[in-house]
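Here is the structure we will look at, set down as C-alpha cells.
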Amino acid sequence: MPLVEARRLEKTYVSGEVEVQAIRGVDFTIAPGSFVSFVGPSGSGKSTLLNMIGCLDPPTAGTLFVAGTDVSTLSRKESARFRGEHIGFVFQDFNLIPVLTVYENIEYPLLMVQSWPQAERKKRIAQVLAAVGMEDQAGVDHQPEAGAGRRAHRQSGPRNSQQDHHPDERDA
Ligand SMILES: Nc1ncnc2c1ncn2[C@@H]1O[C@H](COP(=O)(O)OP(=O)(O)OP(=O)(O)O)[C@@H](O)[C@H]1O
Ligand SMILES: [Mg+2]
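The opening position of the sequence shown corresponds to residue 49 in my numbering, with each subsequent residue numbered one higher.
Okay, here's the thing in C-alpha cells:
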C-alpha cells in the first residue's frame, strides 16, 4: 500500500473575487520508507501540496490517501486527530515551547493525541533522545537551549519522530 496516493488532486484558493488554481489535477504515489522532495519555482504549489498531505488544508477536488485513509473527506476535528497520530512536521524554526523542558517538549504531542501510560511515554522519549545522541537530556528538568540551533533542531526531531516526517523548506 502506498504511503501517499493522490488522484486528480486539485487545490483552488479563492480570495475575494480572485481564484488561484494552485494544484491542477496531480497524480502521484509515495512508497513507504522513501525520501521525496517537491522541487519547483516559487508559487508552483509545493507548500500547497505539503499542506494537503499534512492534512492542514483539504483539497478542492480529487482524492488523497495518506496511510490508507482518504484524508480529503476528513472534518477539521478528524484531520487534527489524524495529524497527531500519523504525521510529523519538522519546522525550520524549531517551534520548541520555551517554558517546557526538553522532556516535556517531546512528551507534549504524546499527551495531546496518544493516551499512552506514563511509563510507556518515558521509555519512548528516552529512545528518541538516544537516537539523536541526547541521552543526557532525558532528565525532566532540562530546559531547551533556545540559542543553540543544532541542539534545538535535534530536539524538534525527537518531538516529531513519533510520526512520519514531513518537512517543508528545511535548511540544508
Ligand atoms: N492562502 C492562499 N490564498 C490564496 N492564494 C494562495 C494561498 N496560498 C498559496 N496561494 C497561491 O497558490 C500558489 C502556490 O503557492 P505555494 O505557496 O503552494 O507555492 P510554493 O511552491 O510553496 O512557493 P515558495 O517556493 O515560494 O514557497 C501561488 O500562486 C500562491 O500565490
Ligand atoms: Mg512554499
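Cβ coordinates follow ideal geometry from the N, Cα and C atoms, glycine included.
Separation of residue j from residue i, as counted between CA atoms
{"i": "residue 185", "j": "residue 178", "result": "9 Å"}
{"i": "residue 261", "j": "residue 174", "result": "Because the chain is modelled from 49 through 220, residue 261 falls outside the range shown and cannot be assessed."}
{"i": "residue 136", "j": "residue 64", "result": "33 Å"}
{"i": "residue 109", "j": "residue 167", "result": "43 Å"}
{"i": "residue 103", "j": "residue 84", "result": "17 Å"}
{"i": "residue 52", "j": "residue 111", "result": "11 Å"}
{"i": "residue 78", "j": "residue 121", "result": "20 Å"}
{"i": "residue 57", "j": "residue 183", "result": "43 Å"}
{"i": "residue 66", "j": "residue 163", "result": "44 Å"}
{"i": "residue 68", "j": "residue 60", "result": "5 Å"}
{"i": "residue 55", "j": "residue 139", "result": "27 Å"}
{"i": "residue 172", "j": "residue 134", "result": "16 Å"}
{"i": "residue 194", "j": "residue 176", "result": "Interpretation of residue 194 is limited by its pLDDT of 48, a score under 50 that renders its predicted location unreliable; the figure taken from the coordinates is listed afterwards. Going from the Cα of residue 194 to the Cα of residue 176 covers about 20 Å."}
{"i": "residue 76", "j": "residue 142", "result": "29 Å"}
{"i": "residue 115", "j": "residue 129", "result": "14 Å"}
{"i": "residue 94", "j": "residue 74", "result": "12 Å"}
{"i": "residue 169", "j": "residue 192", "result": "19 Å"}
{"i": "residue 97", "j": "residue 113", "result": "13 Å"}
{"i": "residue 152", "j": "residue 82", "result": "30 Å"}
{"i": "residue 118", "j": "residue 165", "result": "30 Å"}
Among the options, the one whose alpha carbon lies nearest that of residue i
{"i": "residue 62", "options": "71, 56, 54 and 55", "result": "71"}
{"i": "residue 154", "options": "51, 190 and 56", "result": "190"}
{"i": "residue 80", "options": "49, 100 and 55", "result": "49"}
{"i": "residue 158", "options": "140, 143 and 131", "result": "131"}
{"i": "residue 126", "options": "139, 106 and 141", "result": "106"}
{"i": "residue 124", "options": "93, 100, 170 and 115", "result": "100"}
Residues bridged to residue i [DSSP beta-bridge criterion]
{"i": "residue 52", "result": "78 and 114"}
Closer than 6 Å: residue i CB and nearest ligand 3 heavy atom
{"i": "residue 95", "result": "Because ligand 3 does not appear in the structure shown, any question about it cannot be addressed here, the ligands present being ligand 1 and ligand 2."}
Check: So does the segment 83–100 actually touch the segment 138–154, counting three or more Cβ pairs closer than 8 Å?
Finding: Cβ pair count under 8 Å is below three, so no.
Margin query: Which complete alpha helix (DSSP H) runs does the segment 123–199 hold, if anything under 4 residues is left out?
Written below: If we require 4 residues or more, the alpha helix (DSSP H) runs fully inside the segment 123–199 come out as 124–134, 150–161 and 166–179.
Note to self: At 4 residues or longer, what runs of the alpha helix (DSSP H) sit wholly inside the segment 56–107?
What the structure shows: Those alpha helix (DSSP H) runs which fall completely within the segment 56–107 and span 4+ residues are 94–101.
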